[in-house]
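Input: a single structure, listed below in structure tokens.
In our numbering, the protein residues as written are 1 to 150.
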């Protein structure tokens with residue numbers, strides 16, 4: 001099948017028009033991407049290479065930030081669970097009513113001091129329920145000894 005000169009020109013012209021549309025669409029998307037990147041806000045007409053490079057930087061920074069946030073959320077969830085367990089343990093533990101008022105403020109002060117020391121220490125660790133129970137037990141024994149002397 002032999003194409004006439006005009007048929008070839010028409011096909012070439014149609015192909016060129018489609019290719020031009022494709023390039024214009026691609027360029028518009030590059031400019032749209034550039035407008036969304038904070039680092040290119042002040043650059044009037046960034047090159048495609050700059051847009052791709054800054055986009056990759058932005059994605060990598062976002063991934064790093066997301067990983068850090070996920071880790072922080074997991075740490076906060078663990079800490080929240082520890083605090084819930086400690087609160088439940090303290091609520092479930094029954095103080096003798098006579099020694100409660102004298103020992104609770106002292107014990108509370110000791111627990112807060114240790115928590116503060118743990119938070120400021122580089123080898124920070126949380127008070128475990130067992131540690132709190134041990135403190136409560138020590139305080140009650142001290143209170144009983146004090147009541148016997150009176």
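Every residue, glycine too, gets a C-beta built ideally from N, C-alpha and C.
At the level of alpha carbons, what is the spacing between residue i and residue j?
| i | j | result |
| --- | --- | --- |
| residue 65 | residue 72 | 10 Å |
| residue 67 | residue 22 | 37 Å |
| residue 74 | residue 80 | 10 Å |
| residue 25 | residue 70 | 37 Å |
| residue 93 | residue 142 | 17 Å |
| residue 16 | residue 39 | 35 Å |
| residue 82 | residue 56 | 39 Å |
Is the beta carbon of residue i sitting closer than 9 Å to the one on residue j?
| i | j | result |
| --- | --- | --- |
| residue 46 | residue 34 | yes |
| residue 132 | residue 86 | yes |
Helix, strand or coil for residue i? Go by DSSP, reduced to three states.
| i | result |
| --- | --- |
| residue 38 | helix |
| residue 77 | helix |
| residue 45 | coil |
| residue 4 | coil |
| residue 69 | helix |
| residue 58 | helix |
Ordered along the chain, which non-local residues of its own chain (more than five positions away) have a Cβ less than 7 Å from that of residue i?
| i | result |
| --- | --- |
| residue 10 | none |
| residue 30 | 48 and 51 |
Find the nearest neighbour of residue i within the set the options, judged by alpha-carbon distance.
| i | options | result |
| --- | --- | --- |
| residue 62 | 37, 26 and 32 | 37 |
| residue 90 | 134, 41, 70 and 6 | 134 |
Just to confirm my understanding: we take residue i, look at its own chain, exclude 5 residues before and 5 after, and list those with CB closer than 8 Å. What are they?
| i | result |
| --- | --- |
| residue 43 | 34 and 50 |
Suppose the cutoff is 6 Å on Cβ atoms and the five residues either side in sequence are ignored; what does the same chain contact list for residue i look like?
| i | result |
| --- | --- |
| residue 54 | 37, 39 and 40 |
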